[in-house]
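Position 330 (the sequence shown) corresponds to 1540 in our numbering; numbering is contiguous.
Report on the structure given below.
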Amino acid sequence: MRLYLPVLLFLLLLFGGVRSQDLPPVRIGDQPGFTRVVLDLPNGVSYQIEPLGAALRVTLPGLRVTPGIQFVNQPELAGYVLEQHEDKAVLLLLTPQGVTPRSGYKTMTLAALEGDGQRLVIDLSGAYADTSPLAPNPAFRFVKANGRRFSVVVDAGHGGPDPGAMGPVVEKAVNLEVALRVRRLLQEAGVEVTLTRESDTAFSPDKRTDLAQRVALAEGKHLFVSIHANATVPARADGWCGLEVYYYGPTGVRPFYPSPAPLTPTPPIAITSGPLDMLTSSTQPGPLDPGAQPGPEDVNPIPPQSLPTPTPQMNSARRMELSRTLATRVLSYMLGTTAAVNRGVRSSDFFVIRYSSIPAILVEMGYLSHPLEGQNLRDSNYLDRISYGIARGVLEYLENDHPLE
Ligand SMILES: [Zn+2]
């Protein structure tokens, strides 16, 4: 027996060595706008990566680790957990900005610096959003408000002497680019669109006068959408990215985080002359109210152009509620198209949404100050996705939520 023991130990070591090797220490690098994780994998080791929302799970069959947790405290990586599961190691990367199959991380493999293994490189950033070409747009519905076209004001923020935020693109330029795309999409759906500007201009060099003129265009329209891109101070620039949509409301309210809306195709083009909004009690039935006696107007339909322009008598609580609903629709669809970080529906007192007489929102399309997201906002595919998200959210709101007079 004594003679066999060394042989047995040798066999065990050999067998164990083939079956299981130690994972070398995880290497973490802090880069502008992203965190890089490098795993030095021995030759022949496979891996599996699964985005789980708040974590990215990396499964490494045949590897051995010492279980534990390590805090990293980067915006993109809070820390990581190592687990040993029988014959495989599991690394859980804790990602506060979130990871999905379409966003939040990128991977590549490189040859080992020494030896014949490989390096698995995982870059984590919320700014890795979906910049692939948008599939041919689902046909929009043709939206009508009881025989009258809906009318929307699209405000390209800043312009002229006011550039807005600066980054890889100037904010006023990207705002206008998206406003023009949103206009085209809404017009295709039969919505009348008024732009506050169609080129690099402002109503006045005086900011307040300029904003007041923009807001004045809202009079008689159904809703107002102001388009902006964000920026933050240098200390936060590497970490802050994602989408926000604001409505006018009390400050200090916690943001609301809607789920991304799936991009299922809309039904074929259909002219809707939907029912009156049952939530509003109208004491003065209008000519289109189904409860009213048919008048001459109902018998001989008036061409849409000659109908009076709507003058909503909307109290501020109702307007706030509708604005919040609109903000939620728009953010949901923007998240659905881009898979970007969700920074929530927020209330604020920005001038244009505060003084608008109709439901109004202010869209922040992302942070120009973020090293990667700023680049996204230069990408035409990404701007298509942003624009489609805004337009689709507006249309879904008009179809489903907006009260008809
Ligand atoms: Zn702005």
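Note that the Cβ used here is the ideal one computed from N, Cα and C, for glycine as well.
From a predicted model like this one, the values you see are computed outputs, not experimental measurements.
Would you say His-1638 and Ile-1571 are within 8 Å of each other, going by their C-beta atoms?
A question about residue 1638 goes unanswered here, because the residues of the chain that appear run from 1211 up to 1615.
For Glu-1531 and Gln-1241, I'd like the C-alpha separation in whole angstroms.
Spanning the two alpha carbons is a distance of roughly 41 Å.
Give the C-beta separation of Leu-1545 and Leu-1605 to the nearest angstrom, bearing in mind that I take them to be a contact with Cβ-Cβ under 8 Å.
Wrong, their Cβ atoms sit about 16 Å apart, outside the cutoff.
Leaving out five residues on either side along the sequence, give the residues of the same chain with a beta carbon under 6 Å from the beta carbon of Thr-1319.
Gln-1328, Leu-1330, listed in sequence order.
Report the three-state DSSP secondary structure of Ala-1549 (helix, strand or coil).
Looking at Ala-1549 - three-state DSSP - the assignment turns out to be coil, as it is neither helix nor strand.
Classify Tyr-1257 as helix, strand or coil using the three-state DSSP reduction.
Looking at Tyr-1257 - three-state DSSP - the assignment turns out to be coil, as it is neither helix nor strand.
Determine the burial state of Gly-1336: buried for a count of at least 16 other Cβ atoms within 10 Å of its Cβ, exposed for fewer.
Buried, because 16 or more other Cβ atoms sit within 10 Å of the Cβ of Gly-1336.
Less than 8 Å separating the beta-carbons of Val-1435 and Val-1384?
Taking 8 Å as the Cβ cut-off, Val-1435 and Val-1384 do not qualify as a contacting pair.
May I ask which residues mark the beginning and end of the beta strand (DSSP E) holding Ser-1361?
Counting along the chain, the beta strand (DSSP E) containing Ser-1361 begins and ends at 1361 to 1366.
With DSSP collapsed to three states, give me the class of Glu-1381.
Helix, per DSSP.
Would DSSP call Ile-1568 helix, strand or coil?
Here Ile-1568 sits in coil by DSSP.
If you follow the beta strand (DSSP E) that Arg-1329 is part of, which residue opens it and which one closes it?
1328 to 1334 is the extent of the beta strand (DSSP E) around Arg-1329.
Can you name the start and end residues of the beta strand (DSSP E) that Thr-1317 belongs to?
1315 to 1321 is the extent of the beta strand (DSSP E) around Thr-1317.
If I measure Cβ to Cβ from Pro-1513 and keep anything under 7 Å in the same chain, skipping five residues before and after, which residues do I get?
Unreliable placement is indicated for Pro-1513, whose pLDDT of 32 sits below 50; the coordinate value is still reported in the next sentence. Excluding positions up to five away in sequence, the list is empty.
Closer than 5 Å from C-beta to any heavy atom of ligand 1: which residues, in chain order?
My final list is Gly-1367, Gly-1374, His-1438.
Between Phe-1244 and Leu-1334, what straight-line distance do the alpha-carbon atoms span, to the nearest angstrom?
About 5 Å.
If I'm right that Ser-1313 touches Ala-1447 with Cβ under 8 Å, what's the distance once you round it to whole angstroms?
Incorrect: roughly 20 Å between the Cβ atoms, too far for contact.
Where Leu-1251 and Lys-1298 are concerned, what is the direct C-alpha to C-alpha distance, given to the nearest angstrom?
Rounded to whole angstroms, Leu-1251 to Lys-1298 spans 13 Å at the Cα level.
So which of Val-1401, Asp-1326, Leu-1536, Gly-1289 has the shortest CA-CA distance to Phe-1352?
Comparing Cα-Cα distances from Phe-1352 to each of Val-1401, Asp-1326, Leu-1536, Gly-1289, the minimum goes to Val-1401.
Just to check my reading of the structure: Gly-1576 and Leu-1587 have Cβ atoms closer than 8 Å, yes? What is that Cβ distance to the nearest angstrom?
About 6 Å separates the two Cβ atoms, so the contact holds.
Can you give the Cα-Cα distance for Pro-1581 and Pro-1311, rounded to whole angstroms?
When rounded, the distance between both Cα atoms is 22 Å.
Which class does Leu-1303 belong to by DSSP, given the choice of helix, strand or coil?
Reduced to three states, the DSSP call for Leu-1303 is strand.
Does the separation of the CB atoms of Val-1392 and Ile-1600 fall below 8 Å?
Their beta carbons are under 8 Å apart, which means Val-1392 touches Ile-1600 by this criterion.
Check Val-1388 in the structure and name its three-state DSSP category.
Residue state, collapsed to three classes: helix.
DSSP state of Thr-1276, grouped into three classes?
If DSSP states are grouped into helix, strand and coil, Thr-1276 belongs with coil.
Just to confirm the assignment, what range does the beta strand (DSSP E) spanning Gly-1289 have?
Gly-1289 -> beta strand (DSSP E) spans 1289 to 1295.
With a threshold of 16 other CB atoms inside 10 Å of the CB of Phe-1281, please say whether the residue is buried or exposed.
Under this definition Phe-1281 is an exposed residue.
Can the beta-carbon of Leu-1304 be found closer than 8 Å to that of Val-1268?
It is not a contact, given that the beta carbons lie outside the stated cut-off.
Would Ala-1265 and Ala-1550 qualify as a contact pair, given that the criterion is a beta-carbon distance under 8 Å?
Not a contact, by the Cβ cut-off of 8 Å.
For Phe-1350, which option in Gly-1369, Arg-1394, Pro-1261, Gly-1278 has the closest C-alpha, if you only look at C-alpha atoms?
For the residues Gly-1369, Arg-1394, Pro-1261, Gly-1278, the minimum Cα distance to Phe-1350 belongs to Arg-1394.
Tell me, which residues are paired with Thr-1245 by DSSP?
For Thr-1245, which the question treats as bridged, DSSP gives the partners Asp-1240, Leu-1334.
Check Asp-1156 in the structure and name its three-state DSSP category.
As displayed, the chain neither begins before 1211 nor continues past 1615, which places residue 1156 out of reach and without an answer.
In whole angstroms, what is the alpha-carbon distance linking Pro-1465 and Asp-1611?
Straight-line Cα distance between these residues: approximately 21 Å.
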